[in-house]
Structure formats: structure tokens, C-alpha cells
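The number in my numbering is simply the position in the sequence shown, starting from 1, with 43 added.
Here a beta-carbon is modelled for each residue, glycine too, at the ideal position from N, C-alpha and C.
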Amino acid sequence: METLTIERDLDLTEIINGEEVVSPSPFRKHQKITKRLNRIIDRHVEAKGLGELYFSPLDVILEEGINRLQPDILFIRKENVAIEQDWIRGVPDMVCEIVSHGTYKMDMVVKRGLYEKYKVPEYWIVVPELDAIEILTLDNDIYKTHSIAEIEGVVTSKVIEGLQVNIKDIFED
């Protein structure tokens, strides 16, 4: 029997503060939420001609060899397309992380700190266990809550013009 190897372009390794971190593949629920969010955001972005939406795995190189992350979803305004290369080389306009028990500290503390450090304008934190979405935006280089909803309600983006997401469309089965 021949052994198959996975090429580097399917690698789930991130580099965080110079150290390689390998994450397991996401659970089905995580993927379902990613799909729903991606569908809603992408339809809006396409209809308005605002830029490009991508989903993981896709490397975002914030600093070569130091910080290379793979956010679950990311958005790049059409004015910022120069960072779209083999991977994303620079700061996206929006990143989204879907938090699980195993990634809580990484997403809520470590990645939040890195996205803030590199001045990613908007950071979405999706918490499936709470049916919650919080959207953070930079205010004097520090993340502040721009929009939040739990169980019901609508979140709005500051970066993706006119985007409103009813969280029931994301979490309801």
C-alpha cells in the first residue's frame, strides 16, 4: 500500500511569536458555522463589490517567520488587494475566529493580542457554546466592542460597509 503525503498548501501549522503551533482540524459544528457566516458575508461583499472574503486554511503572514496565522474567515477591502499574493502578506481588514473549548485561550487572548498588535481593523469572535458573536474594532490601537449579540439579535460590521448578521442565521439548526 502506498502512503499519501499532504502537500504544504494544506498545512494547518501556524507560527505564533516565532513558534510553530499545529492545530487539529475543526469539528463539524465549527465548519457549519464557518460555512453559514462565509455565505452571508460573501453574498454581501460580492453584491456591493467591496473586496474579497477568504476562509481557512489560508496563511496570513503578519511578520515573516514570526507570526503566520490562519483565521477562520478574513476579509480584504478592494483597496487593500496588494496583500493578496501566494498567501496573504499583510494585514487583512477583518479576521474572524470561531472559538472552541480547545482554542479559547489562543483565540481570546493570544490571537486577539496579535491582531491588535498588527492593527487588524476588525476582529470577530464567534462563541458557539453561547450562540454569541462579538465584533471588536480598533479605538486608539486598542480593541473595543463595536457590536455584540448573544442568542438573538444582529451584529453589524464597521469595516464591511452595510453588513448586518442576524445571529439566529448562524447558530440555529
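{"Asked": "8 Å Cβ cutoff met for N60 and I109", "Found": "yes"}
{"Asked": "Residues that DSSP places opposite W167 in a beta bridge", "Found": "C139, I178"}
{"Asked": "Check whether E204 and L93 have beta carbons under 8 Å apart", "Found": "yes"}
{"Asked": "Continuous beta strand (DSSP E) assignments of at least 3 residues falling wholly in the stretch 83-120", "Found": "94-98, 103-106, 110-112, 116-120"}
{"Asked": "Best match in E95, L96, R111 for proximity to D102 [C-alpha to C-alpha]", "Found": "R111"}
{"Asked": "Proximity to L206 [Cα-Cα], best of V152, P69, I58, V88", "Found": "V88"}
{"Asked": "Nearest candidate by alpha-carbon position, reference H189, set V197, T180, E195", "Found": "T180"}
{"Asked": "Proximity winner among E215, K162, V124, relative to I194 (alpha-carbon distances)", "Found": "E215"}
{"Asked": "Residues of its chain near Y161, where Cβ-Cβ distance is below 7 Å and the 5 sequence neighbours each way are ignored", "Found": "L105, V134"}
{"Asked": "E62 versus R82, W167, V142, V153, residue with shortest Cα-Cα distance", "Found": "V153"}
{"Asked": "Reduced DSSP category for K187 - H, G, I as helix; E, B as strand; rest coil", "Found": "strand"}
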